[in-house]
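This report refers to the structure that appears directly beneath it.
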Amino acid sequence: MISFPYQTALRNWLIGERRLSSNTATRIANSVTHFWNYYTVNSIKEATLNNINQSTIAEYLDFLEQQKNLKKSTINKYLSYIRSYFTFLYDHNLITHYPLVNIKGRHFSRQHVYKINWMKDLPILIKSTKLHTETKLLLICIALGYETKSILSLKYSTIISQVNNKEIKSYLEDCKNKQNSKNNYIFETSDGHPYASQFNIEQHIMADRNYLGMQLTFQSLRRSYIYSVIQQNYTDTELLKKLHISAASLVNYRKNLIYFVKTEQFELPVTTVKAN
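Following UniProt numbering, the numbering of the sequence shown begins with 1 at its first residue and continues without gaps.
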C-alpha cells in the first residue's frame, strides 16, 4: 500500500544509492507517511507535492511540538527523515522547488531538568482529584525505590507491606479493594494481567505532567528519584543499596549532576488540597 508519492522509488534510492539499512529506510518511510497524513488532512489547497512549501514544513514541526508534545531531539529526527525525502524528490526532478531551504531543526540544551524531593509530598498528592490514579500509583512505586523494569509486575501485597506512611498505606488498600482482582497487580488490564508495556501507562497519564510541572515517564521519574537521593547525606554503600545501582552508575549520575543535569525542588500545585 502506497502512503505517499514515490514511496517505492524512495526506498530503492535509500537502500540502493544511499546504502542505508532496510530498517533505516523503513523509519524514514514511516516518518514521511506521518507527515503526508498530516498534510493531506490540514492542507487548504490540493494535497500535492508542488503545493508543499516552507510554511507547510514549519507548521508540521509546530504540530509535532505543540500537539504531539514530542521532544526537540525527536522532532529533529522527523525533520532529518523528511529532508531525505525532499532531497530525493528534488535531485530526481520530481519537484520544482526544495521546500526546506530555510527550515532549521529545533534547538535544545544538553542540560536536563529534573524535579526532586517530590516524595515527601505524596501524602498530599494522593488526595488530589486532578491526578489519575495511575499517576499516584507510579509515584508511590518510584518513591519506594523500584527499578522501572520491575514496576509492571508489582502487586499490591508487595508494596503495601513496605509503606510506613498511614495515609499512603490506606490509599493503596482502597485501590486494591476497588480493583477487586485475584491477581492484584498494581497496573492491571481488564482481564487481570499486568500491562505489557510502560508506554500504555505513560500515554494515559501524560496530561498530569502539566499539573505537576514535571515529566512523568518511568525513566524520568526514576532519575528524579535518584538525583533526589544522591544529594542527601548517605554514604556510597548506603546509596548503592538504596538505589540498586552499580558503583559505576553512581559515578555517572554524579558526573551528570555536574555537567548535564539541573535539579529543581518540586513545588506542590497551588490547587492541591493541603493535608491536615
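In this text, a Cβ means the ideal position worked out from N, Cα and C, and glycines have one as well.
{"Asked": "Burial state of Thr-8, where buried means 16 or more other Cβ atoms lie within 10 Å", "Found": "exposed"}
{"Asked": "Per-residue DSSP class, three states only, for Gln-265", "Found": "strand"}
{"Asked": "Three-state secondary structure assigned by DSSP to Val-113", "Found": "strand"}
{"Asked": "Closest residue to Tyr-78 among Leu-61, Gly-213, Leu-20 (Cα-Cα distance)", "Found": "Leu-61"}
{"Asked": "CA nearest to the CA of Lys-136, picked from Ile-124, Thr-237, Phe-88", "Found": "Ile-124"}
{"Asked": "Beta-bridge partners of Glu-188, as assigned by DSSP", "Found": "Pro-194"}
{"Asked": "Per-residue DSSP class, three states only, for Lys-71", "Found": "coil"}
{"Asked": "The segment 15-29 touching the segment 77-92, judged by at least three CB pairs closer than 8 Å", "Found": "yes"}
{"Asked": "3 or more residues per run - each beta strand (DSSP E) lying fully within the segment 112-172", "Found": "112-116"}
{"Asked": "Nearest-angstrom Cα separation, counted from His-244 out to Leu-257", "Found": "19 Å"}
{"Asked": "CA-to-CA distance, Ser-197 to Ile-219, given in whole angstroms", "Found": "It is worth fixing the name first, because residue 219 is Gln in this sequence and not Ile. Approximately 13 Å between the Cα atoms of the pair."}
{"Asked": "Top-ranked residue by Cα proximity to residue 278, from Asn-177, Glu-167, Lys-166", "Found": "This structure leaves residue 278 out entirely; the chain is present only between 1 and 276."}
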